[in-house]
Amino acid sequence: MRHALLTLLVLLLALPAWAQRDFSQVEIQTIPVSENLYMLVGAGGNIGVSVGDDGAFVIDDQYAPLTDKIVAAIGALTDQPIRFVVNTHWHGDHTGGNENMGARGAIIVAHENVRARMSEEQFLEVFNDRVPPAPPGALPIVTFSDMVTFHWNGDDIEVFHVDPAHTDGDAIIYFPKANAVHMGDTYFNGFYPFIDASTGGSIDGVIEAADIVLDMVDDETKIIPGHGPLSNKAELQAYRDLLDNVRSRMQMLLEEGMTRDEVIATKPTADLDAAWGGGFMQPDVWVGIVFDSMQDE
20 MRHALLTLLV LLLALPAWAQ RDFSQVEIQT IPVSENLYML VGAGGNIGVS
70 VGDDGAFVID DQYAPLTDKI VAAIGALTDQ PIRFVVNTHW HGDHTGGNEN
120 MGARGAIIVA HENVRARMSE EQFLEVFNDR VPPAPPGALP IVTFSDMVTF
170 HWNGDDIEVF HVDPAHTDGD AIIYFPKANA VHMGDTYFNG FYPFIDASTG
220 GSIDGVIEAA DIVLDMVDDE TKIIPGHGPL SNKAELQAYR DLLDNVRSRM
270 QMLLEEGMTR DEVIATKPTA DLDAAWGGGF MQPDVWVGIV FDSMQDE
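Take 20 as the starting number for the sequence shown in my numbering and just add one per residue.
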């Protein structure tokens, strides 16, 4: 079981995995978020789509073999072209369609660390997996360091970087007029998140990202997570409290001088696993990832 889950996560993250998966049965589901904002669910990270007279503004693009299906789903919402694709981070289940989208005329935008990561081979230590550089056409052609604002489709869309959280290149996208946020993989709704310590991620950063968004939103805000169903402030607060709880437990074990294997053996999340361990991140694997991220702090 553990091997199967590890294999699944590697397939979700690694660019070469495209050829190893059967995408023929994947259907793209369109979920309304606000009047002109939607969440698309397929295989990989959740996609955000703003539509209007200015053109489609897209957040993440899943895997290359799904581009035609994704474009068709967007085409059912608007007859305007896809003008921008913003990547929330570098992982292949969020950037795999970049090259195809760029070839169709979209401008790819991301934090500068995303372009840097995609330009070179990456090594995901926890999975012992090497991810090759992305082809040049897949790289973001517009990058930013702190934030950039798109005055687009009647909204002032704020795209801002948070300190290393899921990775070192995370971006959160805020739609103030639509009262909505896309959090990328800083938020996995309803289950344990993957924290990519190999490329700068840390549990402290994920908690901080949640705190930033919680301070921005109200009870009516719609929150698009990187993975999981469309969410809200109360669910994000529960996720943030879970992470803080687990971090406190882990800190006590670290202060006792326990090794990684010893920490995992204590099963520090056993009472939480029924509620939060139903995603692709097996509890023992996740505990090890949190341990690794705290060692690097």
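Even glycine gets a Cβ: it sits at the ideal position worked out from N, Cα and C.
Any idea which residues DSSP pairs Lys241 with across the strands?
Ala199
Asp263 versus Lys241, His246, Ile243 and Ala228, residue with shortest Cα-Cα distance
Ala228
Residue range of the alpha helix (DSSP H) that includes Gln330:
Missing from the structure shown is residue 330; the chain here goes from 20 to 316 and no further.
Same chain, Cβ closer than 6 Å to Thr114, five either side skipped, listed in chain order:
Asn106
Counting pairs of Cβ atoms below 8 Å between the stretch 182-195 and the stretch 281-289, do you hit three or more?
no
Under 8 Å between the Cβ atoms of Ile93 and Met120?
no
How about Asp174 and Ser250: do their beta carbons lie closer than 8 Å?
No, these two residues do not count as a Cβ contact at 8 Å.
Against chain B, with Cβ distances strictly below 8 Å, would Ala216 count as a contact?
The structure shown contains no chain B; it holds only a single protein chain.
Let me confirm a value: Asp311 is counted as buried when at least 16 other C-beta atoms fall within 10 Å, else exposed. Which label applies?
buried
Does the pairing of the stretch 78-95 with the stretch 54-66 give three or more beta-carbon distances under 8 Å?
yes
Could you give the uninterrupted runs of the beta strand (DSSP E) lying entirely in the stretch 106-191, keeping only those of 3 residues or more?
126-130, 141-143, 148-150, 161-163, 166-171 and 174-180
Closest by CA to Ala253, which one among His246, Ile242 and Gly247?
Ile242
Using a Cβ-Cβ cutoff of less than 7 Å, which residues in the same chain neighbour Tyr57 once the five nearest sequence positions on both sides are dropped?
Thr49, Ile50, Pro51, Val68 and Leu96
For His108 and Val133, which I take to be in contact (beta-carbon distance under 8 Å), what is that distance rounded to the nearest angstrom?
6 Å
Under 8 Å, with one C-beta from each stretch per pair, do the stretch 294-313 and the stretch 264-281 reach the 3-pair mark?
yes
Just tell me which of Leu261, Val200, Glu177 and Pro248 has its CA closest to the CA of Glu239.
Val200
Val60 versus Ile47 - alpha carbon distance
6 Å
Determine the direct distance from the alpha carbon of Phe213 to that of Gly224, and round the result to whole angstroms.
Those two C-alpha atoms are separated by around 13 Å.
Where does Thr218 sit, in a helix, a strand or coil, going by DSSP?
In the three-state reduction of the DSSP assignment, Thr218 falls in the helix class.
Identify every run of the alpha helix (DSSP H) within the stretch 43-94, keeping only runs that are complete inside it and at least 4 residues long; order them along the chain.
86-94
Cα-Cα separation, Met271 to Phe163:
Cα-Cα distance, rounded: 38 Å.
Cross-strand partners of Val104 (DSSP beta bridge):
Val77 and Ile127
DSSP three-state label for Phe213, please.
coil
Taking Pro302 as the reference, give the member of Tyr211, Asp79, Gly219 and Pro244 with the closest Cα.
Tyr211
Using a Cβ-based criterion (distance less than 7 Å to any ligand heavy atom), does Phe76 qualify as near the ligand ATP?
Summarising the ligand content, the structure contains no ligands, and the ligand ATP is consequently not present.
Do Ala62 and Val45 have their CB atoms nearer than 8 Å?
Yes, these two residues count as a Cβ contact at 8 Å.
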